[in-house]
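S.K.: One structure coming up, written as C-alpha cells, with questions to follow.
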Amino acid sequence: MFGTLFIKECKAIVKSTTYYLFLACLVLFFVGQMESNAGIAKPLKGQASYGYQYSKDPKVIMQYSIDNLLQEFESETYITYPFGFYKEVHPSKSKQSKIAVILSEVLDENYDIKEDISYEQFEAKMEKIDDILGGGSRYKASGLKSNAYIPMTYEDAMKEYEDILYNDKISGAYARLFCDYMGIVLAILPVFLAVTRGLRDKKAKAFDVIFSKKASSIAIVMSRYLATVSMVVIPVILLSISPALQSLYSAVNNGIKGDAFAYLRYIGGWLLPTIMITASVGFFLTELTDGPIAILVQGLWWYISMFMGAESLVGTVGYNIMPRFNTIGEHEVYKAILPQLVKNRLFYSGMGILLITATIVVYHYKRKGALNYHGKIFKHRKSELEI
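Sequential numbering of the sequence shown, starting at 63, is according to our numbering.
Quick look at the structure:
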C-alpha cells in the first residue's frame with residue numbers, strides 16, 4: 063500500500079506546475095551562484111597576490127577593529143546592517159560620549175591598544191558599542207573577526223592549498239560551498255511544494271473521498287512527505303554531478319585521488335535536514351489550518367535566518383536553519399565547528415520528524431471527524447480509523 067501511494071505521489075509532484083517553478087528557481091540559483099569549479103593550483107613564490115583570509119590573531123583583530131572604529135568615531139557615522147540592511151547611524155552627543163568613554167578604556171594616550179587588556183575584555187567593550195549603535199555593527203563580538211581581512215602570505219597560501227588537497231581531497235572544500243549556496247534556497251522552496259500538496263485535495267473537492275479510504279493516516283501522510291523530500295533531493299543530487307566531476311578532475315591534476323562520494327555525504331548530512339524541516343513545516347501548518355499560512359511562517363523564518371548568518375558567512379552555525387560556509391577551504395574552521403554543525407543538523411532532523419508526526423495526528427483526527435478542514439468540530443463522524 064505504502065509503495066503504491068509513494069509512487070503515485072511522486073508522479074503527482076512531477077505533473078505539478080509548482081514543481082517546475084521549483085526546479086527553475088533551483089537551477090537559476092545554482093547557475094547564478096556556483097561559479098565553474100576551476101580547481102586549485104599550487105601557490106608559487108613571488109606571486110603578486112595569494113588572496114585574502116580572516117586573521118585568527120587576536121591582536122590583529124583588535125587593531126583592525128579599533129582602526130575602523132576610530133574612523134567612524136571621527137566622522138560620527140557608523141555603518142550597521144540590522145537584519146542585513148545597510149544603515150548609517152549618526153549617534154547623539156550622549157551616545158558619542160559613551161563610545162568615547164569606552165575608547166578611553168581600551169586605548170592609551172597614544173591611541174594604541176592598552177597592553178593589559180585581554181581579547182575577552184576587548185570583546186565585551188566592543189559589544190557595548192554595538193548595543194549603543196542599535197546592533198548589526200561590525201563591533202558585535204561574534205563579528206569582530208570579519209574586520210581583520212588580511213592578505214595571505216606564501217606560507218599561508220601553501221597551508222591552505224595542502225589542507226584542501228590532503229584533508230578535503232578538493233571535493234570536500236567545494237561540497238561545503240555547494241551546500242552553503244543550496245541551503246539558502248532549500249530553506250524556503252520546499253514549503254511551496256508541501257503547501258501545494260496539502261491544498262490540492264481540498265481544491266479538487268476530494269476531501270470526503272480521501273478521508274474514506276482504507277489506507278492508514280501514517281501511510282497517506284508519510285507517502286506525501288517522503289515523496290516531496292525525495293523529489294527535492296533528486297534534482298539537488300543531479301546539480302551536484304557537474305561540480306563533483308570537476309573536483310575529481312582537479313584532484314587528478316594535483317596528483318591525488320578525489321573523494322567521489324563527498325557531495326552525496328554533504329547533501330545527506332548538511333542539506334537533507336533543511337529539506338526535512340522546511341517540508342514538514344509546510345505539511346503541518348497546512349494540515350492544521352487548511353490554508354497557505356506555512357509560506358508566510360517559513361518565509362519569515364527564512365528571512366530572519368538569512369540575516370542571522372550575514373554577520374559571518376564562514377562557520378556560522380548556532381541553531382540557524384541554514385549553516386553558512388561561504389568559502390573554499392578553511393578546513394581548520396570546519397573542524398572547529400563540526401560538533402556544533404552535527405548538533406544543528408540532528409536538531410532540525412528531529413524537528414522535522416516531530417512536525418510530520420504531529421501532522422499525522424492532526425490528519426488522523428480529521429479522518430475521525432474530530433475536526434473539519436475549517437477548524438470546526440464534526441459531530442456526525444465518530445468512527446475510529448486506523449492510524
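Cβ coordinates follow ideal geometry from the N, Cα and C atoms, glycine included.
Quick check on the burial criterion: 16 or more other C-beta atoms within 10 angstroms. Buried or exposed for PHE323?
M.R.: exposed
S.K.: Could you tell me whether the region 308-325 touches the region 386-403, where touching means 3 or more Cβ pairs closer than 8 Å?
M.R.: no
S.K.: What does the Cβ neighbour count give for TYR425, buried or exposed, with the cut at 16 atoms within 10 Å?
M.R.: By the neighbour-count rule (16 or more Cβ atoms within 10 Å), TYR425 is buried.
S.K.: So, with DSSP's three-state summary, where would you put SER199?
M.R.: When DSSP states are grouped into helix, strand and coil, SER199 belongs to the strand group.
S.K.: Roughly how many angstroms separate the alpha carbons of LYS387 and TYR243, rounded to a whole number?
M.R.: According to the sequence as given, residue 387 is Phe; it is not Lys. Using only the alpha carbons, I get a separation of about 9 Å.
S.K.: Between ILE226 and ASN315, what straight-line distance do the alpha-carbon atoms span, to the nearest angstrom?
M.R.: 14 Å
S.K.: What number of angstroms, rounded off, separates the C-alpha of TYR311 from the C-alpha of VAL93?
M.R.: 20 Å
S.K.: May I ask you to report which of helix, strand or coil DSSP gives LYS444?
M.R.: Any reading at LYS444 must be qualified, since the residue scores a pLDDT of 44, below 50, and its modelled position is unreliable; no value is offered.
S.K.: From the DSSP output, read off the bridge partner residues of VAL151.
M.R.: Note: VAL151 sits in a beta bridge opposite TYR140.
S.K.: Assess contact between the region 247-265 and the region 404-415, defined as three or more Cβ pairs (one per stretch) separated by less than 8 Å. Is contact present?
M.R.: no
S.K.: Residue range of the alpha helix (DSSP H) that GLN308 falls in?
M.R.: Per DSSP, the unbroken alpha helix (DSSP H) holding GLN308 starts and ends at 279-315.
S.K.: Using a threshold of 9 Å, state whether the C-beta atoms of GLY113 and SER309 are closer than that.
M.R.: no
S.K.: Confirm, please, whether the CB-CB distance from VAL376 to TYR21 is below 9 Å.
M.R.: A query on residue 21 cannot be resolved here, the shown segment of the chain reaching from 63 to 449 and no further.
S.K.: For PHE346, which three-state DSSP category applies?
M.R.: In the three-state scheme derived from DSSP, where H, G and I count as helix and E and B as strand, PHE346 is classed as helix.
S.K.: In angstroms, rounded to a whole number, what distance separates the CA positions of LEU136 and SER367?
M.R.: The sequence shown places Glu at residue 136, not Leu. Going by the C-alpha atoms only, they are around 33 Å apart.
S.K.: Between the alpha carbons of GLU167 and CYS87, how many angstroms are there, rounded?
M.R.: 51 Å
S.K.: Express the C-alpha separation of LEU165 and LEU333 in angstroms, rounding to a whole number.
M.R.: 43 Å
S.K.: Please give the ranges of any alpha helix (DSSP H) in the region 353-411, keeping only runs that are unbroken, at least 4 residues long and fully inside the region.
M.R.: 355-370
S.K.: Residues in its own chain within less than 6 Å of ALA219 by CB, not counting five upstream and five downstream?
M.R.: PRO105 and TYR112
S.K.: To which residues does DSSP link PRO105 through a beta bridge?
M.R.: According to DSSP, which records beta bridges pairwise, PRO105 is partnered with nothing at all.
S.K.: Got a sec, what are the start and stop residues for the alpha helix (DSSP H) ILE246 sits in?
M.R.: 233-248
S.K.: What number of angstroms, rounded off, separates the C-alpha of PHE84 from the C-alpha of ARG327?
M.R.: 23 Å
S.K.: Here's a check: name, in chain order, each residue in its chain whose Cβ is nearer than 7 Å to the Cβ of TYR223, leaving out the five neighbours to either side.
M.R.: So the list reads ILE102, LYS104 and PRO105, once near-sequence residues are dropped.
S.K.: How about VAL298 and LEU248: do their beta carbons lie closer than 9 Å?
M.R.: With respect to the 9 Å criterion, VAL298 and LEU248 are classified as neighbours on the basis of their beta carbons.
S.K.: Output the boundary residues of the alpha helix (DSSP H) element that contains ILE75.
M.R.: ILE75 -> alpha helix (DSSP H) spans 64-76.
S.K.: Under 8 Å, with one C-beta from each stretch per pair, do the region 202-213 and the region 146-155 reach the 3-pair mark?
M.R.: no
S.K.: Could you say which of ILE329, GLY361, TYR287 and GLY431 lies nearest to GLY414 if we only look at CA atoms?
M.R.: TYR287
S.K.: Among residues of its own chain, excluding the 5 on either side of ILE175, which ones have a beta-carbon nearer than 7 Å to its beta-carbon?
M.R.: MET124, GLN125, ILE128, VAL168 and LEU169
S.K.: Among residues of its own chain, excluding the 5 on either side of PHE409, which ones have a beta-carbon nearer than 6 Å to its beta-carbon?
M.R.: None.
S.K.: Beta-carbon within less than 6 Å of ALA306's beta-carbon, same chain only, minus the 5 sequence neighbours each way: which residues are those?
M.R.: TYR325
S.K.: Could you tell me the alpha carbon to alpha carbon distance between MET293 and CYS72, rounded to whole angstroms?
M.R.: Just so you know, the alpha carbons of MET293 and CYS72 end up roughly 7 Å apart.
S.K.: Which residues in the same chain have their Cβ closer than 7 Å to the Cβ of GLY234, if we skip the five residues on either side of it in sequence?
M.R.: ASP321 and ALA324
S.K.: Quick one: Cα of ILE246 to Cα of THR66, how far?
M.R.: 33 Å
S.K.: Between the alpha carbons of GLN133 and LEU362, how many angstroms are there, rounded?
M.R.: 35 Å
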